[in-house]
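Colleague:
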Amino acid sequence: MSVATETAAPAPAPPRKRSRLEHRPGLNRWLPYALLAPAVLLELFIHIIPMLVGIWMSFVKLTKFFIANWSSAPGAGLGNYKVALDFNNAVGQGLLKSFGVTVVFSLVTVAFSWVLGMAAAVALQPEFRGRGIVRTLFLVPYALPAYAGILTWNFMLQRDTGAVNHVLEQLHLSDGRTFWLIGGNALISLITVAGWKLWTFAFLTLMAGMQSIPRDLYEAASVDGAGNIRQWRNITLPSLRPVNLVLVLVLFLWTFSDFNTPYVLFGTAQPPAGDLITFHIYNASFLTWNFGTGAAMSVLLLIFLMIVTGAYLLVTGRRSRRA
Amino acid sequence: MRETRGFKIYRGVTLTVLGLFVLVPLYVMITSSLKPLKDVQGAFTWWPSNLTLAPFVDMWKTVPLAKYFVNSTIVSVAATVFSVAIAILAAFAVSRFKFRGRTVFTTTVLSTQMFPGVLFLLPLFLIFVNINNSFGLQLVGTRLGLIITYLTFSLPFSIWMLAGYFDSIPRELDEAALVDGCGPMGALWRVVLPAARPGVIAVAIYSFMTAWGEVLFASVMTTEANRTLSVGLRQYSTQTNIYWNQIMAAALVVSVPVVIGFLLAQRHFVAGVTAGAVK
Numbered sequence: 001m002s003v004a005t006e007t008a009a010p011a012p013a014p015p016r017k018r019s020r021l022e023h024r025p026g027l028n029r030w031l032p033y034a035l036l037a038p039a040v041l042l043e044l045f046i047h048i049i050p051m052l053v054g055i056w057m058s059f060v061k062l063t064k065f066f067i068a069n070w071s072s073a074p075g076a077g078l079g080n081y082k083v084a085l086d087f088n089n090a091v092g093q094g095l096l097k098s099f100g101v102t103v104v105f106s107l108v109t110v111a112f113s114w115v116l117g118m119a120a121a122v123a124l125q126p127e128f129r130g131r132g133i134v135r136t137l138f139l140v141p142y143a144l145p146a147y148a149g150i151l152t153w154n155f156m157l158q159r160d161t162g163a164v165n166h167v168l169e170q171l172h173l174s175d176g177r178t179f180w181l182i183g184g185n186a187l188i189s190l191i192t193v194a195g196w197k198l199w200t201f202a203f204l205t206l207m208a209g210m211q212s213i214p215r216d217l218y219e220a221a222s223v224d225g226a227g228n229i230r231q232w233r234n235i236t237l238p239s240l241r242p243v244n245l246v247l248v249l250v251l252f253l254w255t256f257s258d259f260n261t262p263y264v265l266f267g268t269a270q271p272p273a274g275d276l277i278t279f280h281i282y283n284a285s286f287l288t289w290n291f292g293t294g295a296a297m298s299v300l301l302l303i304f305l306m307i308v309t310g311a312y313l314l315v316t317g318r319r320s321r322r323a
Numbered sequence: 001m002r003e004t005r006g007f008k009i010y011r012g013v014t015l016t017v018l019g020l021f022v023l024v025p026l027y028v029m030i031t032s033s034l035k036p037l038k039d040v041q042g043a044f045t046w047w048p049s050n051l052t053l054a055p056f057v058d059m060w061k062t063v064p065l066a067k068y069f070v071n072s073t074i075v076s077v078a079a080t081v082f083s084v085a086i087a088i089l090a091a092f093a094v095s096r097f098k099f100r101g102r103t104v105f106t107t108t109v110l111s112t113q114m115f116p117g118v119l120f121l122l123p124l125f126l127i128f129v130n131i132n133n134s135f136g137l138q139l140v141g142t143r144l145g146l147i148i149t150y151l152t153f154s155l156p157f158s159i160w161m162l163a164g165y166f167d168s169i170p171r172e173l174d175e176a177a178l179v180d181g182c183g184p185m186g187a188l189w190r191v192v193l194p195a196a197r198p199g200v201i202a203v204a205i206y207s208f209m210t211a212w213g214e215v216l217f218a219s220v221m222t223t224e225a226n227r228t229l230s231v232g233l234r235q236y237s238t239q240t241n242i243y244w245n246q247i248m249a250a251a252l253v254v255s256v257p258v259v260i261g262f263l264l265a266q267r268h269f270v271a272g273v274t275a276g277a278v279k
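Put into structure tokens, the structure is as follows:
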């Protein structure tokens, strides 16, 4: 980023407090809006309007008969929400179970990814020979298209031909006949596969954050006799606080709405233990073509994520102000 | 951090364990792509007993991989070009102008990035179907629909990252250009953009990766005509056979361009993430 200063034209710009761009009121008034227009229009068309349509959909009976002719779909009031939240019938129970699985998946995957990312970032903090190579290697899972990595794991987790059972058998940890993609182990598989990609993102972010911690902090602490663990607790962790706040939230939102991992790992035959909520909504909508219920579930998911995000920002914000 | 003996042991153990975690799947992917079909259908072996390049030849015949490749390339390149161009304009406005609605714009755009895709999926699918019915513009099952959708996916992060990059370029440079008789757009084109080149490259690679790896919308918005790689690779599992060696070969081939691109630009990428985080 230092390129900028090197290419500086030697023109003696008069010292002004306000930018010259801001001195042209006429142009200044409409130009920024013109520059933003394409981005705003696209965001409206692909994100904002569909979201509003989605909310409308959740209040109508939008079954397959009305998909091409949606304006004639009859209203459903809160009917779709009642179906989705009636935990005594199959639809409601399915959603509740899927929600529970997703909470566990999300929390464990975020913790797993953060711990591994932090461990690697700390290990690579001091310079040593080969550091660049290790760092590059660790970024490969992140750079790989998600489906390519998940397909490889899918192959490795096959019961009879997979590498995972082979290794476990050789280490005498199991008889090598474990099912990983059906039954109760599906959740473990999901966490491993999602974590394999996600921890490298945590690593990337934490590593970037550590680069901006001044070195003299560590040196001063060393002089005071603080060991590495205390330095990590008293310097690294507090300095990374703003990075961590954003990182954990982003990891949570990503994992909670993860679709790729269950979809590529299980195909359409998802085991109940691996029924993540996005995948659940997807199947509920496209297997039955009942978009109304699917939309209601999506809105409920959105409300949940907004509440969690809001509470998270509130709590962390209050704590930082006190600190 | 002092490099005590304890730290060296910690580093050795951590890097070995994590290195294996990362490497083993990559190793399995590469070696399995070099095995004949019967070897991937039997018990797993670490080393291929019969090395063969046949999977890399056969994978083009088992499924129309070349067609998926063309589709993915056209969609990803087009989405990247438009996304980067639009993000540059928006980031320039956010970074260099004070105007009403600036904060609303940045927060709204960034928050759309946070919402789960399934939220837009159903309504967007429905909107596309109805646009087709009313105006005859086909967006489901065409590359155009995918391009429009994908370019918005990378837009929020690209605007945010580029605005951070532009902020780091001294304003005196623009002003010098203005004194020399450039308009604001001239200043963007001649001064800001050249200085922000690493950022533009990083954003372009990010956009390309996003489009190239997208699964959710591709699984709904594609038919045989515009199928992309992310969904097309599933076709190797037929009722009678799963061609794991060809799947691994294809996964390897589709990964190489994006991985190389990302690794080449990783420094800019880290710089961009840091610039954003510091803000």
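In the order they appear, the protein sequences are chains A and B. In terms of UniProt numbering, the numbers along the first sequence are unbroken and rise by one, the last being 323. In terms of UniProt numbering, the numbers along the second sequence are unbroken and rise by one, the last being 279. Ideal Cβ positions, reconstructed from N, Cα and C, are used throughout, including at glycine.
1) Comparing the C-beta of A:His172 with each C-beta of chain B, is any distance below 8 angstroms?
2) Does the region 198-218 of chain A come within contact of the region 113-130 of chain A, defined as at least 3 CB pairs closer than 8 angstroms?
3) Do B:Val231 and B:Ser219 have their C-beta atoms within less than 8 angstroms of each other?
4) Looking at chain B, which residues of the region 256-284 of chain A have a Cβ within less than 7 angstroms of any of its Cβ atoms?
5) Under the rule that 16 or more other beta-carbon atoms within 10 Å means buried, what is B:Arg143, buried or exposed?
6) What are the boundary residues of the alpha helix (DSSP H) that A:Ala88 is part of?
7) Work out the CA separation of A:Trp114 and A:Trp180 for me, nearest whole Å.
8) Reducing DSSP to helix, strand and coil, say where B:Ile147 ends up.
9) Can you check whether the C-beta of A:Asn244 is within less than 8 angstroms of a C-beta belonging to chain B?
10) Do you know offhand how far A:Ala34's Cα is from B:Met185's?
11) For the candidate residues A:Asp160, A:Leu249, A:Ser222, A:Ala146, whose alpha-carbon lies nearest to that of A:Ala194?
12) Would you say the beta carbon of B:Val191 comes nearer than 7 angstroms to a heavy atom of the ligand PLP?
13) Anyone know if the C-beta pair for B:Thr31 and B:Pro48 falls short of 8 angstroms?
14) Just reading off the alpha helix (DSSP H) that B:Thr14 is part of, what are its end residues?
15) Under 8 angstroms: do the region 230-241 of chain A and the region 203-217 of chain A share three or more Cβ pairs, one atom per stretch?
16) For the region 110-139 of chain A, which residues have a beta carbon sitting closer than 7 angstroms to at least one beta carbon of chain B?
17) For B:Ser76, which residues in the same chain have their Cβ closer than 6 angstroms to its Cβ, ignoring the five residues on either side in sequence?
18) If the cut is a Cβ gap below 9 angstroms, which residues of chain B does A:Trp196 touch?
19) For A:Ser257, collect the residues of the same chain with a Cβ closer than 6 angstroms to its Cβ; drop the 5 residues on either side in sequence, then sort them by chain order.
20) Would you kindly report the start and end of the unbroken alpha helix (DSSP H) that includes B:Phe56?
21) Rounded to a whole number of angstroms, what is the C-alpha to C-alpha distance between B:Thr152 and B:Gly136?
22) Identify the contact partners of B:Met248 in chain A, using a Cβ-Cβ distance below 8 angstroms as the criterion.
23) Would you grab the beta carbon distance between B:Val28 and A:Ala163 for me? Rounded to a whole angstrom, and I think it's under 8 angstroms.
24) With DSSP as the reference, label B:Ser237 as helix, strand or coil.
Modeller: A quick look at the data gives this:
1) Reading the first sequence from its first residue, position 172 is the one you call residue 172 of chain A. Chain B, which has no Cβ nearer than 8 angstroms to the Cβ of A:His172, makes this no.
2) yes
3) Counting from one through the second sequence, the residue named residue 231 of chain B turns up at place 231. Counting from one through the second sequence, the residue named residue 219 of chain B turns up at place 219. Yes. Within cutoff.
4) Ser257, Phe259, Asn260, Tyr263, Val264, Thr278, Ile281, Tyr282
5) Your numbering for residue 143 of chain B matches position 143 in the second sequence. The residue in question, B:Arg143, is buried, as its Cβ has 16 or more Cβ neighbours within 10 Å.
6) By one-based count along the first sequence, residue 88 of chain A stands at place 88. Going by the sequence as given, residue 88 of chain A is Asn instead of Ala. No alpha helix (DSSP H) holds A:Asn88; DSSP gives it neither H nor E.
7) To locate residue 180 of chain A, count along the first sequence from 1; it is residue 180. To locate residue 114 of chain A, count along the first sequence from 1; it is residue 114. Distance between the alpha carbons of A:Trp180 and A:Trp114: 24 angstroms.
8) Here residue 147 of chain B refers to the residue found at position 147 when the second sequence is read from its first residue. Of the three classes helix, strand and coil, the one that applies to B:Ile147 here is helix, per DSSP.
9) On the first sequence, position 244 is the one that residue 244 of chain A refers to. False, the Cβ-Cβ gap to chain B never drops below 8 angstroms.
10) Taking the first sequence and counting its residues from 1, the one referred to as residue 34 of chain A is at position 34. Taking the second sequence and counting its residues from 1, the one referred to as residue 185 of chain B is at position 185. If I take the Cα positions, the gap works out to 12 angstroms.
11) Sequence index remark: in the first sequence, residue 194 of chain A carries index 194 (1-based). Among A:Asp160, A:Leu249, A:Ser222, A:Ala146, the Cα nearest to that of A:Ala194 belongs to A:Ala146.
12) Only the bare structure without any ligand can be found here, which leaves the ligand PLP out of the picture.
13) On the second sequence, residue 31 of chain B is found 31 positions in, with the first residue counted as 1. On the second sequence, residue 48 of chain B is found 48 positions in, with the first residue counted as 1. Closer than 8 angstroms, so yes.
14) The count along the second sequence starts at 1 and reaches residue 14 of chain B at position 14. Note, B:Thr14: alpha helix (DSSP H), 5-32.
15) yes
16) Leu116, Ala119, Ala120, Ala123, Gln125, Pro126, Val134, Thr136, Leu137, Phe138, Leu139
17) Residue mapping note: residue 76 of chain B aligns to position 76 of the second sequence, counting from 1. Phe208, Ala211, Trp212, listed in sequence order.
18) Taking the first sequence and counting its residues from 1, one reaches residue 196 of chain A at position 196. Per Cβ cutoff of 9 angstroms: Phe21, Val22, Pro25.
19) Here residue 257 of chain A is taken as the residue at index 257 of the first sequence, counted from 1. The answer, listed in chain order, is Thr278.
20) As a position in the second sequence, residue 56 of chain B is number 56, starting the count at 1. B:Phe56 -> alpha helix (DSSP H) spans 54-62.
21) Position 152 of the second sequence, counting from 1, holds the residue named residue 152 of chain B. Position 136 of the second sequence, counting from 1, holds the residue named residue 136 of chain B. Near 23 angstroms, if we compare the C-alpha coordinates of B:Gly136 and B:Thr152.
22) As a working note, residue 248 of chain B is residue 248 in the second sequence. Here the neighbours are Leu151, Thr152, Phe155.
23) Here the question's residue 28 of chain B lines up with position 28 in the second sequence. Here the question's residue 163 of chain A lines up with position 163 in the first sequence. So it is a contact: roughly 5 angstroms between Cβ atoms.
24) Counted from its first residue, the second sequence places residue 237 of chain B at position 237. It is a strand residue.
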